[in-house]
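Working notes, beginning with the structure itself.
Protein chains in written order, with the UniProt record's numbering: chain A, 1 to 974; chain B, 1 to 182.
Listed below in structure tokens is the structure:
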């Protein structure tokens, strides 16, 4: 019900939203939770396992029960805490884990079987038949249990990520956080003040105390006015710091626009904040008491009830009972009475407590059980030897306060038990650069929190080398904290600990009985604290119950490990911007647009996009285009872009010596104006990459790498230059982006090249020669190399003129009866010749396997030489590169298929090798394959079975040399 | 003689400057760019040669040296890009990089907020003053980032990544602009 004249909601702005289709009237400033309470909706969710009806328990991000789904379809967000979701006009809220409705839920039948469903039940019961666990039992159990469901539709990429940097990060904006931020800000530090609530102020928004003569919200407003006016302060509301990481980095989740109708603004922002100093002022979380029937809707935390009454002007009923073990109970009773709510009883676990209020008071009493089905109706209370019933629809309970030490524990520091406050606090500097202040530091009065915030602020200011300018401390409430332990009341019926995962005190005792006695084992046995709230409200109570069951103290029992994130973080926020093409940069070549213009489908090669073929009208499948392009290159001339190949310049007096170290063959002897094919090994003796080395001048070489290995080779060269041969004087630089490069191949390639060079004579180059020349006045590099087996050139031109040269080459090629060819034809041409790509240089193959052992110089040392000679890397046990052709009826080959002896079974044990690359060769009118085959070079002429178990293809093949076309290379040398 | 027409790296993706909210991006035509890396023990000689030819010293890490329209931008240990003039001093490895890079300027009141969505670099003036430069990440791309005025940054990435840079920047610009309007 709504309380007249109370709360910080904006009653001039009514807001309507729906809950399970029912229209709910609320006001601006309400959360879904406060609005449901205002409308007397008591059951807000069904529990995870037993489908118990559950009501609002807290008023913050620790809420275990009120998890709802907002939105529909692709915009649906499950497991939203109703206590955190602000209302907006048209918001669509649905309850979870119930069918057909919240009040009549068929799944509640689970509750009748609860005696059989204790912790560990599944593991003990669903043991056989073994295969049934994965296929039958687990899916069934998962369907019966659960919280929100995913829509199954792809979410929009509607969030963003960002970085922030500051001198002082203040986490939490209660009295300690605000005072710390003010202290640091006045001293001139760059401050980020992060608060997970929609409004700054923490508990000050929920209590009725005055600070410096002002109400809590008024004082907060005055501090905020000062902070927001300062240029060195960034105030971030709706921002939950979710994790502490190394070197002062924190993750934080900001709810940017989830509190308003959907628009173009990002939904959430995942921040990574780097802070020199951090002040953790995240406050404390009140804990409940485990007693029979304590999950009844209407039982809630005392502090939460005060928040609902004071901040939102709502109450769960006409009367309330308050039960606690600190002065919190009396504060709650006072606030309730002043709001006009009948206080039916105040029960204080401290036998020596007194009261000033006009209500039934039971010092040393306790609540034994609850009555009601979908909502609390009455309590069984014990006071002294007397037991009696108190009729009420709300119980405000407080078992004490747990400082929010989560972030302080994220990088491994363990919290420390304090007997005087019956709670865990963080140790000194639990995270490097972090200070803990206020209630998070175990200080539970407002004046103490203000002073501790000021202290922490000054510590941070001094640590970053600034002068302190302490603000004055305002007068504030300073009640000493006195607590008596109150963890559980034993009795008939289930006493709940983890409301979100349906864990009871009985489960914890069972864990201890079964010898799962350490907190980590108990957690896993019972699932205590393993739900989305990570046991925020229940873990410490569960540890106390475990301690009692094992006869240890809570201090000796210790805690489980706190890990990030502090609240659930949507994957769409962490991966914001990375959906689809956002996953990786796209690299486009200089002639990209011109290739797209010709209708060439693009295929991805690493980050690059390359044309796979250039279809002509009338060609229906890629093979038609590819076959035509292959014939074109073999018969006239083809042009293709090879700008994606890595190009690295190596310069300096020791460049040649350096190349001798990294290549297996000798490069220092290469003459200026010549190109040599080279092979590079990894340290472990396997092939890293191949490519060409051209010597442009005495002290300048240009290397090419494969597209795929460009970055790896560059890194390798840097490593060798800096680490292995630091004495050599040379420099390396990638020039991949500077030079667009085009291959011109075919019998008419020379005619084409000569037709575009300013000095046609420069086109008369010997095989493996290179020269500098010019085209229309632009300097180019011309290389006489071939990856097709035809007479071929590669022309490199500065990238800005790459597109122009491509169009010019194409026009001239067409005049000569040729045209463009794509990656598919390029692949067929090289397979016909037995040339290598990374399908063959697959990281496991050696120069010996590839038949390139002749390139391993015996006269010098090079990287990989020693380890390439290891036993097992040479000889007839190795799988060696061979060529394959189909024989017999089945004519198709596939890559990745296995090879077996002609009569052998196609089993793993009989495997003799595998195919790496295959192609239909229009030149030879047959399929061709490259393969690794055990002792392959000695088996030319042998017949084998090729079996592709995945695609269900089988063929009889004949083994031959890798090179199937023009083995003497006469065409290439031209 | 016929001429091969040159294209700027962002000619297709950013033919005109784009303004979203309080930020603006435009392509920067760098002109001649030379990569310079002094050989062992040659840094002083290279600085002298650069001073004589272009009026700038070889920059220290994170530094930009400037004279008129000529800049030398530190791009790594012992490596710099000389922009706006062509000098190939003795004692250094040099190579032409005039066509290798895509450079955009990002300017306006919210420029820093836009970059905060893309780069982990600390851009506060105390950490990244005017005319400081750094190699860093912009989105998924390695980049060279320079503060060229209080609210202007120059971002240089691989030429081939021009499309992604424009895409990432405009997305961040839209997000910042929409937030400002909330």
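Backbone N, C-alpha and C fix where the C-beta goes; we use that ideal spot for every residue, glycine too. Computed from a prediction, not measured in an experiment: that's the story for all the values here.
When secondary structure is reduced to three states using DSSP, residue 413/A falls in the coil class, being assigned neither helix nor strand. Interface criterion not met: the Cβ of residue 132/B is under 9 Å from no Cβ in chain A. Residue pairing by DSSP leaves residue 449/A without any beta bridge partner. The shortest CA-to-CA distance from residue 372/A to any of 365/A, 391/A and 228/A is the one to 391/A. In the three-state scheme derived from DSSP, where H, G and I count as helix and E and B as strand, residue 17/A is classed as strand. Per DSSP, residue 13/B is not a residue of any beta strand (DSSP E), being assigned neither H nor E. Judged by DSSP in its simplified three-state form, residue 26/A adopts strand.
Contact annotation: the region 651 to 669 of chain A touches the region 862 to 873 of chain A, with at least three C-beta pairs closer than 8 Å. Across the region 12 to 34 of chain B, CB contacts with chain A closer than 8 Å involve 12, in sequence order along the chain. Below the 9 Å Cβ cutoff, chain A contributes no neighbours of residue 150/B, its closest Cβ being approximately 13 Å away. Only those residues of the region 651 to 671 of chain A whose C-beta falls short of 8 Å from the nearest C-beta of chain B are listed: 651, 652 and 653.
Under the Cβ distance rule, residue 388/A does not count among the residues neighbouring chain B, no pair being separated by less than 9 Å.
In this structure, residue 421/A and residue 481/A form a Cβ contact; the two beta carbons are roughly 6 Å apart against a cut-off of 8 Å.
Under DSSP, the beta-bridge partners assigned to residue 674/A are 769/A. Residues of the region 158 to 176 of chain B with a Cβ closer than 7 Å to any Cβ of chain A, in chain order: 158, 159, 160, 161, 163, 164, 171 and 175. Taking 7 Å as the Cβ-Cβ cut-off, the region 772 to 806 of chain A approaches chain B at 775, 776, 777, 778, 798, 799, 800, 801, 803, 804 and 805, given in chain order. Only residues of its own chain outside the window of five on either side were considered, and among them none has a CB closer than 8 Å to the CB of residue 225/A. The three-state secondary structure of residue 362/A, taken from DSSP, is strand.
139, 140 and 141: these are the residues of the region 133 to 148 of chain B whose beta carbon lies less than 8 Å from some beta carbon of chain A, given in chain order. If only complete runs of 3 or more residues are kept, the region 493 to 537 of chain A shows the beta strand (DSSP E) at 496 to 498, in order along the chain. Look at residue 541/A here: in three-state DSSP terms it is helix. Excluding sequence positions up to five before and after residue 738/A, its CB lies within less than 7 Å of the CB of 798 and 799, all in the same chain and listed in chain order. Residue 173/A is classed as buried because its beta carbon has at least 16 other beta carbons within 10 Å across all chains shown. If one requires a minimum length of 4 residues, the alpha helix (DSSP H) runs lying completely within the region 103 to 161 of chain A are 109 to 112, 121 to 125 and 138 to 144, in chain order.
In the three-state DSSP reduction, residue 647/A falls in the strand class (E or B).
Per DSSP, reduced to three states, the secondary structure at residue 719/A is helical. Using a Cβ distance threshold of 9 Å, residue 919/A and residue 775/A do not count as a contacting pair.
Every alpha helix (DSSP H) of 4 residues or more that sits fully in the region 23 to 102 of chain A is shown, in chain order, as 32 to 38. Inter-segment contact for the region 570 to 578 of chain A and the region 149 to 160 of chain A is present: three or more beta-carbon pairs are separated by less than 8 Å. Take residue 333/A, set aside five residues on each side of it, and the residues of its chain with a beta-carbon closer than 7 Å to its own are 322, 343, 346, 357 and 359, in chain order.
Residue range 823 to 833 is occupied by the alpha helix (DSSP H) that includes residue 825/A. For residue 387/A, the beta-bridge partners assigned by DSSP are 382/A. The continuous beta strand (DSSP E) containing residue 608/A extends over residues 608 to 611.
In this structure, residue 898/A sits away from residue 630/A, with a CB-CB distance that is not shorter than 9 Å. Taking one beta carbon from each stretch, the region 50 to 66 of chain A and the region 98 to 114 of chain A have 3 or more pairs nearer than 8 Å; the two touch. At a cut-off of 9 Å between beta-carbon atoms, residue 51/B makes no contact with chain A.
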